[in-house]
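Residue numbers (my numbering): 1 to 284.
Contents: one structure, followed by commentary.
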């Protein structure tokens with residue numbers, strides 16, 4: 001066996017070992033969460049509000065709050081992210097400005113989520129007087145998800161073969177119609193892949209919403225954008241850090257974590273189905 005083949009074999013073996021370690025850690029993590037939380041799951045736990053100082057009842061208000069925070073934030077961030085990516089892909093001029101914008105986007109990706117929470121509190125809650133509310137939390141989470149969506153959308157647009165664009169323009173289509181009718185539909189499956197990652201991050205964030213949207217306890221469901229809400233990430237955090245009856249609250253926290261994982265999995269599955277349909281239509 002030659003040295004090149006040995007290096008290739010060693011590289012493949014290393015990648016396989018790392019993948020096995022990652023999969024093993026994921027299995028251990030999921031087992032730890034589900035083994036502690038699956039026992040408290042029931043219809044009452046899913047459909048009822050909390051009672052008796054968060055030691056009984058369910059988590060229905062937190063489920064609804066998490067759903068609306070995630071849905072609104074992605075609904076705000078997704079069109080803005082796609083439009084920004086289209087601008088950078090097709091209209092960005094001059095070059096120094098495009099580089100500056102990309103630097104800002106990459107910097108935003110690495111900013112800790114607690115900073116987004118402080119920004120949301122300073123701007124949306126205090127400066128704009130939106131108070132601690134559903135809309136303040138959704139706007140904050142939208143800003144958090146925006147750089148991820150922009151990067152994913154721009155990479156997806158750049159992955160579209162140049163032949164598609166050149167053929168459309170050669171047939172007389174303007175650049176705007178070429179983007180809307182050719183480039184964007186072709187790139188949409190990969191854009192949705194980035195959106196799935198954003199959904200997972202937005203749904204599981206605690207720091208941004210603890211200053212802008214979340215409340216420790218509420219029996220009512222949000223009926224307007226100005227209402228504060230319960231949310232599963234903050235609910236888990238509060239049960240494990242602020243509760244006075246740890247032995248009763250810990251199982252509820254683990255059960256809430258299981259529900260949160262299942263919610264993220266469910267929303268991601270819907271996005272994957274939509275992505276699959278886009279790809280199937282593109283093949284036709």
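C-beta: ideal position from N, C-alpha, C; glycine also.
Fair warning: this is a prediction, and the values are worked out from it, not measured in the lab.
Can you tell me whether residue i is buried or exposed, with buried defined as 16 or more other CB within 10 angstroms of its CB?
i	result
residue 38	exposed
residue 29	exposed
residue 172	exposed
residue 25	exposed
residue 305	Since the first residue shown for the chain is 1 and the last is 284, residue 305 is missing from the structure and cannot be characterised.
residue 130	buried
residue 104	exposed
residue 276	exposed
residue 174	exposed
Could you give the distance in angstroms between the alpha-carbon of residue i and the alpha-carbon of residue j?
i	j	result
residue 229	residue 115	21 angstroms
residue 82	residue 191	8 angstroms
residue 194	residue 108	16 angstroms
residue 264	residue 271	11 angstroms
residue 48	residue 252	13 angstroms
Using the three-state DSSP reduction, which class does residue i fall into: helix, strand or coil?
i	result
residue 92	coil
residue 58	coil
residue 214	strand
residue 117	helix
residue 2	coil
residue 284	In this predicted model, residue 284 has a pLDDT of only 43, less than 50, meaning its place in the structure is not dependable; the value taken from the coordinates is given anyway. Coil.
residue 163	helix
residue 129	coil
residue 172	coil
### Task
Just list the alpha helix (DSSP H) runs in the region 26–51, keeping only unbroken ones of 4 residues or longer that don't cross its boundaries, in chain order.
Runs of the alpha helix (DSSP H) inside the region 26–51: 43–47.
### Query
Considering only residues of the region 225–275, which uninterrupted beta strand (DSSP E) runs meet the minimum length of 3 residues and lie entirely inside it, listed in chain order?
Segments of the beta strand (DSSP E) lying fully in the region 225–275: there are none.
### Query
Can you find at least 3 beta carbon pairs, one from the region 65–74 and one from the region 197–206, that sit closer than 8 angstroms?
Result yes; three or more Cβ-Cβ pairs closer than 8 angstroms.
### Query
Is the number of C-beta pairs between the region 51–60 and the region 248–268 that are closer than 8 angstroms three or more?
In the pairwise beta carbon analysis, the region 51–60 is classified as touching the region 248–268: at least three pairs are separated by under 8 angstroms.
### Message
If contact is defined by three or more beta carbon pairs under 8 angstroms, each pair taking one atom from either stretch, is the region 176–190 in contact with the region 149–164?
### Response
Here the region 149–164 makes contact with the region 176–190; the two share three or more CB pairs at distances below 8 angstroms.
#### Entry: Segments assigned alpha helix (DSSP H), at least 4 residues, entirely inside the region 182–211
Listed in chain order, the complete alpha helix (DSSP H) runs (minimum 4 residues) inside the region 182–211 are 184–204 and 207–210.
### Message
When you compare the region 165–180 with the region 206–223, are there three or more beta-carbon pairs, one atom per stretch, that lie closer than 8 angstroms?
### Response
Taking a cut-off of 8 angstroms on C-beta distances, the region 165–180 does not touch the region 206–223, as fewer than three cross pairs fall below it.
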